[in-house]
Every structure is written in C-alpha cells, then in structure tokens.
Ligand SMILES: NC(=O)c1ccc[n+]([C@@H]2O[C@H](COP(=O)([O-])OP(=O)(O)OC[C@H]3O[C@@H](n4cnc5c(N)ncnc54)[C@H](OP(=O)(O)O)[C@@H]3O)[C@@H](O)[C@H]2O)c1
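Residue numbers (the numbering used here): 31 to 377.
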C-alpha cells in the first residue's frame, strides 16, 4: 500500500511516499481502509517539532473510511462499517496518510449512512475540541443535544477557523445564541453560513459594546483561539459564572487578564488539550457529534462555512503547508478516490 512517512522532524520536505505492507490489527484494534485523511495544525506541528519517537511515523490524526479487518476483542465494529477516526497518530506512529491504518477501536466511530467521507474526515480534532469547549464550565450542560444550550450565549473567537466552525455548528444545533468574530468580510460570510447569529470583525475597539448590543446579559461561554489577544475582551463580555475555554495560543503564548473583574464574575478560565482531556470526554464527544451528524447539523463546504481544499496522498507535503500557512477552511487528502465515488453522498 502507499503510505506517507517521516523519520525525522523538519519541514514538509521530510515527508516521503513509501510502499508498506498493511499492518494486522491487535485484539482491540481495527484496520480501516482510508478514503479521506483530514489535516489539522497539530499534524504539521508534530512533524515539524517533535522527534519521531517511533522511528517511522505516518502523519495525520483524522480520517474516514471503511473497516477492513477487526481485532478479536472488538465487539461493536464490523468489516464494511463506514467510520470516522480521531487521534489515529496519538502516542502511536500510524496516522491516516496511508491507504490502510490500524487504530484502537476506541478511536473509531461508526458513521451514519447519510454522511459522506469529506464531512467525516473533518470531524476529529475540530469537532471534538469544539465539543469539549462547549461542555466544560461551572454551570451548563456536560452534554450537547438539541435545546441543551437554550438561553445561553456562546462567543466563538475566530469563527472561520476549523475549530471555530465546528463550535458554531454544534452550539447552534444545541440551541445557543452564537456570536462569532472574524478578521474580514469573506470570513464573516463563512461564519454566517455556519449558522452564527451575529458576526463581528476584529480588531475593533467597539467590540465589547457590539457584543452587549446583541447579548445584554453577557456571554456564557467563550470558545477562545487567541487568549493572548482576547483575554481582556473575553472577561469584559462574560456573564457571571461564565467560562472561557481556551484551546490554542495563536498570536502569543502568554496572556494577562483583569483580576478583579475575573473574580467578581466568577470567571472560569478553562484550558483544554484533546490529547490529555481523557477517555470519558472523548467518548461523550463522539456520541454527541454522531447525534449532530444524524440531524444534519455538521455540513462542510463553502456553502456551509468551511471551504474544502483537496490534495492527493502523494501531495501530503503541500497539504501540510496549506494548513501551516493558514488556508481558510478544511484541508483534506483524497486517499482512495474509488471509495469516495462509491460513497452514497458523493455519487
Ligand atoms: N487544544 C487542543 O486540543 C487543540 C485542538 C484543535 C486545535 N488546536 C489549535 O487551535 C488552533 C486553531 O486550529 P484550527 O484548526 O481551528 O485552525 P484554523 O482553521 O487555521 O483557524 C484558526 C483561526 O483563528 C483565528 N484567529 C487568529 N487570531 C485571532 C484573534 N486574535 N481573534 C479571533 N480569531 C483569531 C484565525 O482567523 P484570522 O486568520 O482571520 O485572524 C483563524 O480563523 C491551532 O493553533 C491548533 O493547533 C488546539
């Protein structure tokens, strides 16, 4: 089979196309024939910065495809199941940039029949991060479902990002009033297409007033991509007992926040990292995301606010570069064109 590999960290040129034999799944693993590999910032960062702990590494955490072999202890997945994969390459060298990947069954989720592989390969890192950001707070639901966030206001900083897009969609599905920030008109159109009720551009000295004009009681949850720039605004617009779930350090790795206003509002600063969040959080995220998929709440594509940029498996290096350079939307790699054509929605 064709596989993209790297054996040392560095620029995208360390990625090579190789021929490898498909691995055999262990008792609690499944092998998936990959249709689409999804690329996230974590994939190029891991390749660029981390020494390859396992010798040879196949990159990319997210993907979608069809189960083609099942370990002896796996009970809830069958050969032929259409699935999406999350954290394929976490603490193991077997990512999704290859024709067959072997993954723990706990990181493989059955796909509703109506959902196509481009949606499925866009879920893992972005949707699970968004789910956690929307469900970790002092008050408010720990699960997402229709009406779970009724009467709550969510501010998504960076609403045209991949995580931001998923946060808007999940929050809207769960009934929240959703405010998104973006940096330009094109991204504003995308955030609206994703379902945001109010979209404001940053930077803007009037942003706080604009948020209060549409949410007079303040914001209950902030989904924050750039705390170094937005911490003060987040605290200013937050309602009492509000939370700021920060998941990235875009544009700076340190932040200052107003202390008095923070404690006076019982603000919760809530960090989150998918790799360390724990099994329970991932399991409930996968369940809720499946329910949202079944409801048709997580479409992708420009018309849904998430333009797709496609690459071939051979051109995985360009896919990594596109994400590193901040392409707007989702970067996907077509690994098996024939599987994608057979996909019910792709015909
Ligand atoms: N903690 C975790 O588990 C976790 C999980 C997923 C992702 N991440 C990290 O999260 C970051 C985003 O990932 P992604 O896939 O969503 O990337 P992305 O698609 O490139 O989106 C990043 C977004 O952040 C926006 N942004 C940057 N500065 C901003 C600011 N000051 N205010 C508001 N928005 C701002 C960008 O918009 P403009 O360019 O227009 O400013 C862009 O839309 C990456 O650093 C990634 O590594 C962490």
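Think of the CB as a built atom: it goes at the ideal place given N, C-alpha and C, for glycine as much as any other residue.
CB of residue 100 within 9 Å of CB of residue 135, strictly: Yes. Within cutoff.
So, at 7 Å on beta carbons, what are the nonlocal neighbours of residue 292 in its own chain, with the 5 sequence-adjacent residues on each side left out? Shown here for residue 292: same chain residues with a beta carbon closer than 7 Å to its own, the five before and five after excluded, namely 265 in chain order.
For residue 208, I'd like the list of residues in its chain whose CB is within less than 6 Å of its CB, leaving aside the five on either flank, ordered along the chain. The answer, listed in chain order, is 184, 198, 201, 202, 226, 227.
For residue 360 and residue 270, what's the separation of their Cα atoms in angstroms? Roughly 35 Å separates the two Cα atoms.
Could you give the first and the last residue of the continuous beta strand (DSSP E) run that contains residue 276? Start and end: 268-276.
Compare the C-alpha of residue 186 against each of 363, 217, 177, 46 and name the closest. Looking from the CA of residue 186, the closest CA among 363, 217, 177, 46 belongs to 217.
With hydrogens ignored, establish whether the beta-carbon of residue 359 is closer than 8 Å to any heavy atom of ligand 1. Proximity of the beta carbon of residue 359 to ligand 1 is indicated: a heavy atom of the ligand is located closer than 8 Å.
Per-residue burial, residue 247 [other beta carbons within 10 Å of its own, 16 or more giving buried]: Residue 247 comes out exposed.
How big is the Cα-Cα spacing for residue 76 and residue 363? Counting only the Cα atoms, residue 363 lies some 18 Å from residue 76.
Terminal residues of the alpha helix (DSSP H) in which residue 79 lies: 71-79 is the span of the alpha helix (DSSP H), which, as asked, contains residue 79.
My understanding is that residue 261 touches residue 294, with C-beta atoms under 8 Å, so please give their C-beta distance in whole angstroms. Contact annotation, residue 261 with residue 294: C-beta distance approximately 16 Å; criterion of less than 8 Å not satisfied.
Using beta carbons (cut-off 9 Å, strictly below), is residue 94 in contact with chain B? Checking the listed chains, one finds no chain B in this structure; it contains a single protein chain.
With a CB to CB cut of under 6 Å and the five nearest residues on each side skipped, what residues in its chain are close to residue 373? Taken in chain order, the residues that qualify are 146, 147.
Close-in-space but distant-in-sequence residues of the same chain around residue 194 (CB under 6 Å, 5 per side omitted): 186, 188, listed in sequence order.
Where residue 242 sits in the DSSP three-state scheme: In the structure shown, residue 242 adopts helical secondary structure according to DSSP, grouped into three states.
Relative to ligand 1, is the shortest distance from any of its heavy atoms to the C-beta of residue 159 smaller than 8 Å? Under cutoff, so the answer is yes.
Thinking C-alpha only, which one of 71, 32, 97 is nearest residue 255? Per the Cα distances, 71.
Whole-angstrom distance between residue 244 and residue 59, CA atom to CA atom: The straight-line gap separating the alpha-carbon atoms of residue 59 and residue 244 is approximately 48 Å.
Cβ shell of residue 365 (< 7 Å), same chain only, five flanking positions each side left out: Here residue 365 has 64, 65, 66, 67, 129, 343 as same chain residues with Cβ atoms under 7 Å from its own Cβ, once five neighbours each way along the sequence are excluded.
Got a sec, what are the start and stop residues for the beta strand (DSSP E) residue 194 sits in? Per DSSP, residue 194 belongs to no beta strand (DSSP E); it is in the alpha helix (DSSP H), 192-203.
Coarse secondary structure for residue 294, derived from DSSP in three states: Residue state, collapsed to three classes: helix.
When the Cα of residue 339 is compared with those of 192, 181, 89, which residue comes out closest? Nearest option by C-alpha distance: 192.
Grouping DSSP H, G and I as helix and E and B as strand, with all else coil, what is residue 86? Reduced to three states, the DSSP call for residue 86 is coil.
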